[in-house]
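Asker:
Number of protein chains: 2
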Amino acid sequence: MGKRQAYDILRPVRHVIAVDLGATNIRAARFAANDPHPVAQVRMLTLAARGREVVISRILDAIGQVAEGYLTDLRIGIGSPGPIDPRRGIILEAPNLPGWNDVPLRDLVAEALHCPVALGNDANLAALGEWRYGAGQGAQDILYLTLSTGIGGGVICNGRLLEGFHGLAAELGHMTLDRNGPVCGCGKQGHLEALASGPAIARRAVELIRAGEPSTLPRGGEDLAGLTAALVGEAARAGDPLAKRVVMEAGEAIGCHLASLMHAFDPEVVILGGGLSQMGDLLFEPIRNALRAHILHPYYLDRLRLVPAALGDEAGLIGAMALASEL
Amino acid sequence: MGKRQAYDILRPVRHVIAVDLGATNIRAARFAANDPHPVAQVRMLTLAARGREVVISRILDAIGQVAEGYLTDLRIGIGSPGPIDPRRGIILEAPNLPGWNDVPLRDLVAEALHCPVALGNDANLAALGEWRYGAGQGAQDILYLTLSTGIGGGVICNGRLLEGFHGLAAELGHMTLDRNGPVCGCGKQGHLEALASGPAIARRAVELIRAGEPSTLPRGGEDLAGLTAALVGEAARAGDPLAKRVVMEAGEAIGCHLASLMHAFDPEVVILGGGLSQMGDLLFEPIRNALRAHILHPYYLDRLRLVPAALGDEAGLIGAMALASEL
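Just so you know, the protein sequences line up as chains A and B, in that order.
All residue numbers for the first sequence refer to the working numbering, where the first residue is 5 and numbers rise by one.
All residue numbers for the second sequence refer to the working numbering, where the first residue is 5 and numbers rise by one.
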């Protein structure tokens, strides 16, 4: 750290642009070197339905807007969902972006803007952001889970982001927890994401309402289509027994899976991010209880920190900045 | 490597002693620096039932027997089952060694023999051995599974043995695959070990025999107690339909879990060792099929090598040698 700072003094502050490519929004922000507070930022609709070319030109637009005069000596980091190959800078598949198969986004942006670009998986980058600037600072072994529409993950082990041979590591939501369980968004069966993501929580609530369990949640045909995990969370906080049960079941699944992940990675810090983590203790308590119940040996839990994400929605952008800073 | 060899020329060949502490046998071997072929070796009964002190003095005996005149400038590496803390050199728990809780084995041996000692988990060390001298040579990201009475694991990621914060990482057999599945030897439910270890295979065969499925395997009361996975494997090879089904089910569970582990670690090489891996294609074929069926994206399998262990029973000893060589 001392070394890097001494080095930085010898040259002008380098600017970095981070881009978060989402199914709904494209976000971009400009950062001064190693400062997690953006100097400028912009958010625009992705307009994914208009096709790939439109989205790519919007990404370039967003970068241009935050770049202002800093287009020399620039570095760009891009976070993207879905399986990507960070080594070759290719989006392999983006389930929510129609037509995005095997898109060499890194090189497309690099050629358009004549500067170095890095591409990373959005959940991996959020883990990187939390490690460098958030809830995981100082640790060498970190497990990050984002609990949202999907469940993604990121792992720091031995003080390095775990990417794996193809760059596909840490898809922690797509691991089988219940072989005979519900079908996942990815088409496989019994993944954590199929048991505890936002849509899984909503679906389970609908299931119990239809089965006639008493609840203050809306009932009857059309209302149920609009039932979200956020509404279930609200009802649970207000004491609704059905909603409390659904959130508890999701927490139990997460805690059980977390025990498996502890056995695999044995981290020092577990960070839970994503929209669902905002349910707080309603969700964290069953997670902690299930983790304790399923852990192989209590020493795994010795000095373990199980904490909510510190950077919130900004983790992905800040992680993309950290990635680009290494270019 | 070039550097290390040049360095080695300047000093006498250093000898390393590796010890494999098992519930049944204690094995020890002496190696010349970085040569995986032992110069001397010994195997003796552990006699675990006679208590800790007896076992420790037998470990020292075994070391003395292979050490001969080389007790100066010696390094010792010890592999042990069960949760151990490699940082503090402590066996936390050894399910098959009565009375072995929180035993500081590393320091006990170091003080008795006045030389540096390292302690490691036996499956982790087998992974280390396969990486340095066996089926994983040259790779940076390796997953090793030992399929035997228990199912253990070892992971190399980013070119380093994954130990985790407490040194407890890579317990890959103790991860939940079927929340409602059979109870594991560790007391938890639905772990891979409960579905595909040797005892799990034998138990499943007994279950199907009792249910009246046609088979050439022995039937009736007492015979069944002696039914082992090895016998089931033999019967499967001879074409017995029940035995084939049991081995296939175990392979499916392993392949399904392997897909989860690919999603977590994304290795370049997967190495399967332990007694069950000697069943060959009978087991490997359902593993490969299930892996393909459960993988999230085909790119995970691109250039992946799924191979049997190369070092067989020697992997643990050779890994303990590799560990001690780093002292």
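Think of the CB as a built atom: it goes at the ideal place given N, C-alpha and C, for glycine as much as any other residue.
Assuming A/Ala-131 contacts A/Val-121 (C-beta within less than 8 Å), just tell me the rounded distance between them.
Answerer: In the first sequence, residue 131 of chain A corresponds to position 127, counting from 1. In the first sequence, residue 121 of chain A corresponds to position 117, counting from 1. Not confirmed; about 20 Å, so no contact.
Asker: Are the CB atoms of B/Arg-110 and B/Ala-328 within a distance shorter than 9 Å?
Answerer: Counting from 1 along the second sequence, the entry for residue 328 of chain B is found at position 324. Counting from 1 along the second sequence, the entry for residue 110 of chain B is found at position 106. Result no, Cβ atoms of B/Ala-328 and B/Arg-110 do not sit closer than 9 Å.
Asker: In chain A, which residues lie with their C-beta within 7 Å of the C-beta of B/Glu-197?
Answerer: Translated into positions along the second sequence, residue 197 of chain B becomes position 193. Here the premise fails: no neighbours, minimum Cβ distance about 11 Å.
Asker: Compute the distance between the beta-carbons of B/Ala-200 and B/Leu-151, then report whether it is under 9 Å.
Answerer: Here the question's residue 200 of chain B lines up with position 196 in the second sequence. Here the question's residue 151 of chain B lines up with position 147 in the second sequence. Contact: yes.
Asker: Would you list the residues sitting across from B/Cys-161 in a DSSP beta bridge?
Answerer: Your numbering for residue 161 of chain B matches position 157 in the second sequence. B/Cys-161 pairs with B/Arg-164.
Asker: Name the chain A residues whose beta carbon is nearer than 8 Å to that of B/Gly-164?
Answerer: Counting from one through the second sequence, the residue named residue 164 of chain B turns up at place 160. The displayed chain sequence assigns Arg, not Gly, to residue 164 of chain B. Correct list: Asn-162.
Asker: Are the CB atoms of B/Ala-335 and A/Lys-192 nearer to each other than 9 Å?
Answerer: Outside the shown range of chain B, which is 5 to 331, sits residue 335 of chain B, and nothing can be said about it.
Asker: Indicate whether the contact test is met: 3 or more Cβ pairs, each with one atom in the segment 138-148 of chain A and one in the segment 234-246 of chain B, closer than 8 Å.
Answerer: With a cut-off of 8 Å, the segment 234-246 of chain B and the segment 138-148 of chain A do not count as touching, because too few Cβ pairs lie within range.
Asker: So, B/Asp-306 versus A/His-170, is the Cβ gap smaller than 9 Å?
Answerer: The residue labelled residue 306 of chain B in the question sits at position 302 within the second sequence. The residue labelled residue 170 of chain A in the question sits at position 166 within the first sequence. Yes. Within cutoff.
Asker: Quick one: which residues of the segment 286-320 of chain A get their C-beta closer than 7 Å to a C-beta of chain B? List them in chain order.
Answerer: Within the segment 286-320 of chain A, the qualifying residues are His-298, Leu-300, His-301, Tyr-303, Tyr-304 and Asp-306.
Asker: Contact check, A/Leu-310 vs A/Cys-260 under 8 Å by CB: the rounded distance?
Answerer: Indexing the first sequence from 1 puts residue 310 of chain A at position 306. Indexing the first sequence from 1 puts residue 260 of chain A at position 256. The Cβ separation is near 14 Å, so there is no contact.
Asker: Which of helix, strand or coil does DSSP assign to B/Phe-169?
Answerer: The residue given as residue 169 of chain B occupies position 165 in the second sequence. B/Phe-169 falls in the coil class under three-state DSSP.
Asker: Check whether the Cβ of B/Val-107 lies closer than 9 Å to any Cβ atom in chain A.
Answerer: The count along the second sequence starts at 1 and reaches residue 107 of chain B at position 103. Chain A contact via Cβ: absent.
Asker: Is there at least one non-hydrogen atom of the ligand SAM closer than 8 Å to the beta-carbon of B/Pro-271?
Answerer: As for the ligand SAM, it is missing from this structure, which has no ligand bound.
Asker: Using the DSSP secondary-structure output, state which residues sit across from A/Glu-97 in a beta bridge.
Answerer: For the purposes of this step, residue 97 of chain A is taken as the residue at position 93 of the first sequence. Bridge partners of A/Glu-97: A/Asn-105.
Asker: Report the residue from A/Arg-56, A/Gly-277, A/Glu-217 and A/Ala-66 whose alpha carbon sits nearest the alpha carbon of A/Gly-202.
Answerer: Numbered from its first residue, the first sequence carries residue 202 of chain A at position 198. Residue A/Gly-277 is the option with its Cα nearest to A/Gly-202.
Asker: Mind the definition here: the segment 287-306 of chain B touches the segment 86-95 of chain A only if three or more C-beta pairs lie below 8 Å; say whether that holds.
Answerer: Contact holds: three or more Cβ-Cβ distances are below 8 Å.
Asker: Going along the segment 236-248 of chain B in order, which residues come within less than 7 Å of chain A, judged by CB to CB distance?
Answerer: Per Cβ criterion, the list is empty.
Asker: Per DSSP, B/Met-48 is paired with what?
Answerer: Numbered from its first residue, the second sequence carries residue 48 of chain B at position 44. Answer by DSSP bridge pairing, in chain order: B/Ile-30.
Asker: Any beta carbon of chain B sitting closer than 9 Å to that of A/Asp-182?
Answerer: Translated into positions along the first sequence, residue 182 of chain A becomes position 178. Chain B, which has a Cβ nearer than 9 Å to the Cβ of A/Asp-182, makes this yes.
Asker: Suppose the cutoff is 8 Å on Cβ atoms and the five residues either side in sequence are ignored; what does the same chain contact list for B/Met-5 look like?
Answerer: To locate residue 5 of chain B, count along the second sequence from 1; it is residue 1. For B/Met-5, the predicted model reports a pLDDT of 41, less than 50, meaning its position is unreliable; a value from the coordinates is still stated below. If we look at B/Met-5 and ignore the five residues flanking it on each side, it has no Cβ neighbours.
Asker: Go ahead and label A/Glu-318 buried or exposed: buried means 16 or more other beta carbons lie within 10 angstroms of its beta carbon, across all protein chains shown.
Answerer: Sequence index remark: in the first sequence, residue 318 of chain A carries index 314 (1-based). Buried: at least 16 other Cβ atoms inside 10 Å.
Asker: Spatial neighbours of A/Ala-294 within its chain, please: CB distance less than 6 Å, with the 5 preceding and 5 following residues excluded, ordered by chain position.
Answerer: Here the question's residue 294 of chain A lines up with position 290 in the first sequence. Glu-256, Gly-259 and Cys-260, listed in sequence order.
Asker: Could you tell me whether the segment 156-165 of chain B touches the segment 154-165 of chain A, where touching means 3 or more Cβ pairs closer than 8 Å?
Answerer: As far as the Cβ criterion goes, the segment 156-165 of chain B touches the segment 154-165 of chain A, which means the pair count is three or higher.
Asker: A/Ala-127 to A/Gly-26, Cα distance in whole Å?
Answerer: The residue you call residue 127 of chain A lines up with position 123 of the first sequence. The residue you call residue 26 of chain A lines up with position 22 of the first sequence. Taking the straight line joining both Cα atoms gives about 12 Å.
Asker: Determine, for A/Ala-131, whether the minimum Cβ-Cβ distance to residues of chain B falls below 9 Å.
Answerer: The residue you call residue 131 of chain A lines up with position 127 of the first sequence. Chain B contact via Cβ: absent.
Asker: Checking contacts by CB at 9 Å: is B/Met-179 closer than that to chain A?
Answerer: Here residue 179 of chain B is taken as the residue at index 175 of the second sequence, counted from 1. B/Met-179 counts as touching chain A.
Asker: Within 9 Å (strictly less), CB to CB, does B/Val-187 reach chain A?
Answerer: Mapped onto the second sequence, residue 187 of chain B falls at position 183. No, because no Cβ of chain A sits closer than 9 Å to the Cβ of B/Val-187.
Asker: For the segment 262-282 of chain A, enumerate the residues whose C-beta is nearer than 9 Å to any C-beta of chain B, in chain order.
Answerer: So the list reads Ala-263, Ser-264, Leu-265, Met-266, His-267, Ala-268, Phe-269, Asp-270, Pro-271, Glu-272 and Val-273, given in the order they occur along the chain.
Asker: Within this structure, are the beta carbons of B/Ala-198 and B/Gly-185 separated by less than 9 Å?
Answerer: The sequence position of residue 198 of chain B within the second sequence is 194, counting from 1. The sequence position of residue 185 of chain B within the second sequence is 181, counting from 1. Contact: yes.
Asker: Please state the DSSP three-state secondary structure of B/Asn-184.
Answerer: Counting from one through the second sequence, the residue named residue 184 of chain B turns up at place 180. Coil at B/Asn-184, not helix or strand.
Asker: Name the two residues that bound the continuous beta strand (DSSP E) containing B/Pro-312.
Answerer: As a working mapping, residue 312 of chain B is identified with position 308 in the second sequence. It spans 309-312 - the beta strand (DSSP E) in which B/Pro-312 sits, taken as one unbroken run.
Asker: Whose C-alpha, out of A/Glu-217, A/Gly-230, A/Ile-67 and A/His-19, is nearest the C-alpha of A/Leu-246?
Answerer: By one-based count along the first sequence, residue 246 of chain A stands at place 242. Among A/Glu-217, A/Gly-230, A/Ile-67 and A/His-19, the Cα nearest to that of A/Leu-246 belongs to A/Glu-217.
Asker: Residues of the segment 36-65 of chain B with a CB closer than 8 Å to any CB of chain A: list them in chain order, please.
Answerer: Listed by position, the residues of the segment 36-65 of chain B near chain A (Cβ gap below 8 Å) amount to none.
Asker: Is the beta carbon of B/Arg-56 sitting closer than 9 Å to the one on B/Ile-30?
Answerer: To locate residue 56 of chain B, count along the second sequence from 1; it is residue 52. To locate residue 30 of chain B, count along the second sequence from 1; it is residue 26. Against a cut-off of 9 Å, the Cβ pair of B/Ile-30 and B/Arg-56 comes out as no contact.
Asker: Would you give the residue range spanned by the beta strand (DSSP E) that A/Arg-54 belongs to?
Answerer: Taking the first sequence and counting its residues from 1, one reaches residue 54 of chain A at position 50. No beta strand (DSSP E) holds A/Arg-54; DSSP gives it neither H nor E.
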